[in-house]
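**Q** Right, I'll just put the structure down here and ask away after.
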Amino acid sequence: MLLASLNPATVAAGADIPNAVSVGGTTLSRSDLLGAATSVAERVGGAGRVAVLATPTASTVLAITGCLIAGVPFVPIPPDVGVAERAHILTDSGAQGWLGELPDDPAGLPHVPVRLHARSWHRYAEPHPASAAYIMYTSGTTGAPKGVQTSRRAIAADIDALAAAWQWTPDDVLVHGLPMFHVHGLVLGLLGSLRIGNPFVHTGKPTPQLYAQARAEHGGTLFFGVPTVWSRVVADPDSARALSSARLLVSGSAALPVPVFDGLRALTGHAPVERYGSTESLITLSTRVDGERRPGWVGLPVRDVQTRLVDETGAPVPHDGETLGQLHVQGPTLFDKYLNRPEATAEVLDADGWYHTGDVAVIDQSGMHRIVGRESVDLIKSGGYRIGAGEIETALLGHPGVREAAVVGVPDDDLGQRIVAYVVGDAEPEELIAFVGQQLSAHKRPREVRIVDSLPRNAMGKVLKKELMR
Ligand code: MLC
Ligand code: AMP
1 MLLASLNPAT
11 VAAGADIPNA
21 VSVGGTTLSR
31 SDLLGAATSV
41 AERVGGAGRV
51 AVLATPTAST
61 VLAITGCLIA
71 GVPFVPIPPD
81 VGVAERAHIL
91 TDSGAQGWLG
101 ELPDDPAGLP
111 HVPVRLHARS
121 WHRYAEPHPA
131 SAAYIMYTSG
141 TTGAPKGVQT
151 SRRAIAADID
161 ALAAAWQWTP
171 DDVLVHGLPM
181 FHVHGLVLGL
191 LGSLRIGNPF
201 VHTGKPTPQL
211 YAQARAEHGG
221 TLFFGVPTVW
231 SRVVADPDSA
241 RALSSARLLV
251 SGSAALPVPV
261 FDGLRALTGH
271 APVERYGSTE
281 SLITLSTRVD
291 GERRPGWVGL
301 PVRDVQTRLV
311 DETGAPVPHD
321 GETLGQLHVQ
331 GPTLFDKYLN
341 RPEATAEVLD
351 ADGWYHTGDV
361 AVIDQSGMHR
371 IVGRESVDLI
381 KSGGYRIGAG
391 EIETALLGHP
401 GVREAAVVGV
411 PDDDLGQRIV
421 AYVVGDAEPE
431 ELIAFVGQQL
441 SAHKRPREVR
451 IVDSLPRNAM
461 GKVLKKELMR
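Numbering follows the working numbering, in which position 62 of the sequence shown is assigned residue number 62; successive positions increment by one, without gaps.
Laid out in structure tokens, this is it:
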């Protein structure tokens, strides 16, 4: 069963804990969570797909858990989503209504509220492992975000593999403050905890002070963060030292800079575990609790995952720790498909079941992987968010003051990359930043808009983005 700790038979037999989930000022015991989520399941059972505004609240946790009990795929929506992105996600996913929190503009869809105090003890049959758990939208290099359909089986396989790598058990108390509409916060953080059976604490925001507080007040043992979070922890030595007594600090979603790794080790005494993955593949590589944790390297394939490194012709490249290759992964954790996009699916998921990650990596003789970068400059990682340059350029071109636009990710000490837009036109930068936020999500806003007379182009007219990234 996917959410193994919520098995009605064992909960009824007394396998309860008072603090299964703490989020947004509410703490739910395991039996409260099961009873309220089963009541949600009764209300959504039979729906094709529902949208869940993924705020970090008890209502969202119950909505998602209820969908998983009923076998109704959910579509997590960023709470700050803009109008164009929301319209796309709702239309493309075919969501039939909103479950839980309601956005300011529900776009004409019906609403099913979640009642925190409702209880049902109906016992549902476990949905088929091959059935879809969710559709999660993620950016590509061009165009609107694609809906990644992931099976229950893939999620279960990934959590179990990570539990083995991290010695993650019901005795852990997992803490993070990451968004609930991406793999890191939702699949690993929430669903991982409900499968393993450990208490889960969401801090609202992933600040160093709130992490330190969660260590003291909730006895957090296992802390998740994107590199930006860990870099901010290192910049706050008191909070960092408060994490010394935790069991494990885990970093992922973007490259952890070596100075941040070293800073964490110096201040907390912990060498962080780094792991690598994607919305499409879930987490496929990780260093292990009982293995080497090497700064700048993301470890070994997790259980049942295979990797290969190939050149442009598809030929294998040597595992010598130096030769760059395109990273492909295969295993039980991969997604099913991009919803409604068979060609896009076929571009990245080949006939033999290998997912072409779009990342460039090296592998050494011991099988350790290092992620060197992305094949395309048009996929930006900022604060651990994956952002497509093309999507932002399209949004900018929808503004009457913009004639041409090129968006790049420039290196940034805090965010890894920061979004910068070069625009030919006569609009005000501040106005364009706000316009993108209104159309897309807050985290897709450029940090900076530079108005220029022209964009550098090659003889074919293609924008030379590398020149803009300097
Ligand atoms: C941000 N701000 C802006 C702005 N961008 N203001 C003007 N223009 C812009 N372009 C504002 C914010 O709204 C905020 O305001 C303030 O500036 C600080 O912003 P910030 O520096 O971005 O900090 P913050 O908002 O705290 O965001 C940092 C972060 C966030 C690390 C908390 O980026 C984050 O949650 N990242 C996690 C992403 C994630 O989970 N990815 C996983 C993908 S799954 P105010 O007023 O609000 O303070 C995956 C698979 C895997 O990758 O391997 O895990
Ligand atoms: P997303 O779909 O948001 O999960 O983004 C997936 C991408 O994040 C991967 O293809 C990588 O480019 C990047 N990524 C995730 N984890 C790491 C890591 N530990 N090191 C470097 N890049 C990472």
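For every residue, glycine included, the Cβ atom is placed at its ideal position computed from N, Cα and C.
Could you tell me which of L102, Q438, A434 sits nearest to R447, measuring between CA atoms?
**A** Just measuring C-alpha positions, the residue of L102, Q438, A434 sitting nearest R447 is A434.
**Q** Taking M136 as the reference, give the member of R470, H184, D158 with the closest Cα.
**A** Checked all of R470, H184, D158; the closest Cα to M136 is H184.
**Q** In three-state terms, what does DSSP make of Y211?
**A** helix
**Q** Would N500 be called buried (16 or more neighbouring beta carbons within 10 Å of its own) or exposed?
**A** Within the shown structure, residues of the chain are numbered from 1 to 470, placing residue 500 beyond reach of any answer.
**Q** Pull up the distance between the alpha-carbon of V423 and that of A164, whole angstroms please.
**A** 48 Å
**Q** Output the distance between the C-alpha atoms of T65 and L188, rounded to the nearest integer angstrom.
**A** Spanning the two alpha carbons is a distance of roughly 14 Å.
**Q** CA-CA distance, V40 and G192?
**A** 20 Å
**Q** For S278, name the three-state secondary structure that DSSP assigns.
**A** strand
**Q** Looking at C-alpha atoms only, which residue of D413, P110, D311, G82 is the closest neighbour of G437?
**A** The option with the nearest alpha carbon to G437 is G82.
**Q** Would you give the residue range spanned by the beta strand (DSSP E) that F200 belongs to?
**A** 200-202
**Q** Could you check if D158 is buried or exposed, using at least 16 other CB atoms within 10 Å of its CB as the buried criterion?
**A** buried
**Q** At a threshold of 7 Å, does A254 count as lining the ligand AMP (C-beta to nearest heavy atom)?
**A** yes
**Q** Below 8 Å between beta carbons: does that hold for H369 and L464?
**A** no
**Q** Cβ atoms of N198 and V175: under 8 Å apart, would you say?
**A** no
**Q** Let me know if H111 comes out buried or exposed under the rule of 16 or more other beta-carbons within 10 Å of its beta-carbon.
**A** exposed
**Q** Quick check on DSSP: helix, strand or coil for G192?
**A** Helix at G192.
**Q** Taking all protein chains shown into account, decide if E322 is buried (16 or more other Cβ within 10 angstroms of its Cβ) or exposed.
**A** exposed
**Q** With the cut-off set at 8 Å, would you say S139 and E391 are in Cβ contact?
**A** With contacts defined as CB atoms closer than 8 Å, S139 and E391 qualify as a contacting pair.
**Q** May I ask you to check if the CB of G384 is nearer than 7 Å to at least one heavy atom of the ligand FAD?
**A** With respect to small molecules bound, the structure shown includes the ligand MLC and the ligand AMP and not the ligand FAD.
**Q** Smallest Cα separation from A125: which of V289, V72, D364?
**A** Selected option, being the one with the closest Cα: V72.
**Q** Comparing alpha-carbon positions, which option in G46, A161, T60 lies nearest L33?
**A** T60
**Q** Find out if the Cβ-Cβ distance for the pair G416, P227 is shorter than 8 Å.
**A** yes
**Q** Shorter than 7 Å, the distance from the beta carbon of G143 to the closest heavy atom of the ligand AMP, or not?
**A** no
**Q** Could you pull out every residue in the same chain whose Cβ sits closer than 6 Å to the Cβ of M469, ignoring the five residues on either side in sequence?
**A** V408, V410
**Q** So, at 6 Å on beta carbons, what are the nonlocal neighbours of H356 in its own chain, with the 5 sequence-adjacent residues on each side left out?
**A** H328, V348
**Q** Can you name, in chain order, every residue of its own chain whose Cβ lies under 8 Å from the Cβ of G367, other than the five neighbours on each side?
**A** L300, P301, H319
**Q** Got a sec, what are the start and stop residues for the alpha helix (DSSP H) Q365 sits in?
**A** Premise fails: Q365 is in no alpha helix (DSSP H) and is neither H nor E.
**Q** Pick from A389, H117, H399: whose alpha carbon is nearest that of P419?
**A** Checking the sequence, you will find Ile at residue 419 rather than Pro. When only C-alpha atoms are compared, the closest one is A389.
**Q** What residue range does the alpha helix (DSSP H) around P259 cover?
**A** Start and end: 258-268.
**Q** Go ahead and pull the three-state DSSP assignment for K421.
**A** The sequence given here has Ala at residue 421, not Lys. Residue state, collapsed to three classes: strand.
**Q** Thinking C-beta only, is A37 closer than 8 Å to V75?
**A** no
**Q** In angstroms, rounded to a whole number, what distance separates the CA positions of G147 and A132?
**A** 12 Å
**Q** Between the C-alpha atoms of R49 and P113, what's the straight-line distance to the nearest angstrom?
**A** 15 Å
**Q** Would you mind working out which of L222, T221, G177 sits nearest Q209, comparing C-alpha positions?
**A** Out of L222, T221, G177, G177 has the C-alpha closest to the C-alpha of Q209.
**Q** Would the beta-carbon of V449 fall within 8 Å of that of A421?
**A** Yes; because the gap between Cβ atoms is below 8 Å, this pair is in contact.
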